[in-house]
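Engineer: Next up is a structure, given as structure tokens.
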Amino acid sequence: MKILFVCLGNICRSPTAEGVVRHLLAGTDPRLHWVLDSAGTADYHTGDPPDPRTQRAARARGIDLSGLRARQVQAEDFQRFELILAMDRGNLAELNAMRPPAATASTRLFLEFAPDSGLVDVPDPYYGGEAGFETVLNLCEAAGRGLLAHSSAVA
Ligand code: 4NP
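Written out as structure tokens, the structure reads:
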């Protein structure tokens, strides 16, 4: 599976999703080859590491995001990845608007894999308090587990 996680800035939600899914994969069959990355629809933070609040919340759960650097979604991503998972409907709309004619990737909402969450969008934590970063982690863990279960069912 080749999966790209996408949010707005690529410093809060999508790096969390990438790190959480990588962490969940550590306990699975190593013969399953996964390529994971994350990107933002905006370029405000290109080259930046994840937000310090994002890194701190993830580190408390044993997930190191310090090596990640933000980048913007590129047209090539639509061929390089099989699945592009947007953190919210706004970012999904952006992705679908920039989808090139040669695209092969499916674009979907990450929380489709966490139907029990009752949410459609991963709430943007950037302008809020610490609790928002815990919510992002909880949602990414739930959707990440759903994604792995779905992928092993279709493999
Ligand atoms: P993200 O959060 O999309 O989850 O990375 C945000 C990061 C930065 C900004 C907005 C949301 N910003 O406006 O700079």
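Residue numbers for the sequence shown follow my numbering, so the first one is 23 and each next one is one higher. By construction, the Cβ of each residue, glycine as well, lies at the ideal position given by its N, Cα and C atoms.
#1: So what does DSSP say about Ser60, is it helix, strand or coil?
#2: With H, G and I counted as helix, E and B as strand and the rest as coil, what does DSSP make of Thr157?
#3: Can you tell me whether DSSP reads Thr38 as helix, strand or coil?
#4: Taking the continuous beta strand (DSSP E) assigned at Ala108, which residues delimit it?
#5: For Val43, which of helix, strand or coil comes out of DSSP?
#6: Are the CB atoms of Leu161 and Ile106 nearer to each other than 8 Å?
#7: Quick one: residues in its chain with C-beta nearer than 6 Å to the C-beta of Leu54, no 5 flanking neighbours on either side, listed in chain order?
#8: To the nearest whole angstrom, what separates the beta carbons of Leu117 and Thr129, a pair I think is in contact under 8 Å?
#9: Are the stretch 75 to 88 and the stretch 28 to 45 touching by the rule of at least three beta carbon pairs closer than 8 Å?
#10: Where does Ser128 fall in DSSP's three states?
#11: Could you check whether Pro137 and Ala97 sit closer than 8 Å to each other, using their CB atoms as the reference points?
#12: Would you mind reading off the limits of the alpha helix (DSSP H) that contains Ser114?
#13: Need the endpoints of the alpha helix (DSSP H) that Phe135 sits in, please.
#14: Consider the C-beta atom of Ile33 and the heavy atoms of ligand 1; say whether any pair is separated by less than 7 Å.
#15: Ligand 1 heavy atoms versus the CB of Gly62: any closer than 7 Å?
#16: Answer with buried or exposed for Ser174, where buried requires no fewer than 16 other C-beta atoms within 10 angstroms of its C-beta.
Structural biologist: In short, the structure shows the following:
#1: Correct three-state label for Ser60: strand.
#2: If DSSP states are grouped into helix, strand and coil, Thr157 belongs with the helices.
#3: Thr38 sits in a helix when the DSSP states are folded into three classes.
#4: Here the beta strand (DSSP E) through Ala108 covers 105 to 108.
#5: It is helical.
#6: Against a cut-off of 8 Å, the Cβ pair of Ile106 and Leu161 comes out as no contact.
#7: Within the same chain, and ignoring the five residues on either side of Leu54 in sequence, no residue has its Cβ closer than 6 Å to its Cβ.
#8: At roughly 5 Å, the Cβ-Cβ gap stays under 8 Å, so Leu117 and Thr129 are in contact.
#9: By the Cβ criterion, the stretch 75 to 88 is in contact with the stretch 28 to 45, since at least three pairs of Cβ atoms, one from each stretch, lie closer than 8 Å.
#10: Under the three-state reduction of DSSP, Ser128 is assigned to strand.
#11: Annotated as distal: Ala97 and Pro137, with beta-carbon spacing of 8 Å or more.
#12: In the sequence as displayed, the identity of residue 114 is Leu instead of Ser. That run of the alpha helix (DSSP H) goes 111 to 120.
#13: No alpha helix (DSSP H) contains Phe135, which DSSP labels as neither H nor E.
#14: Shortest gap from the CB of Ile33 to any heavy atom of ligand 1: under 7 Å.
#15: Answer for Gly62: yes, Cβ within range of ligand 1.
#16: Ser174 sits exposed, since fewer than 16 C-beta atoms from the chains shown fall within 10 Å of its C-beta.
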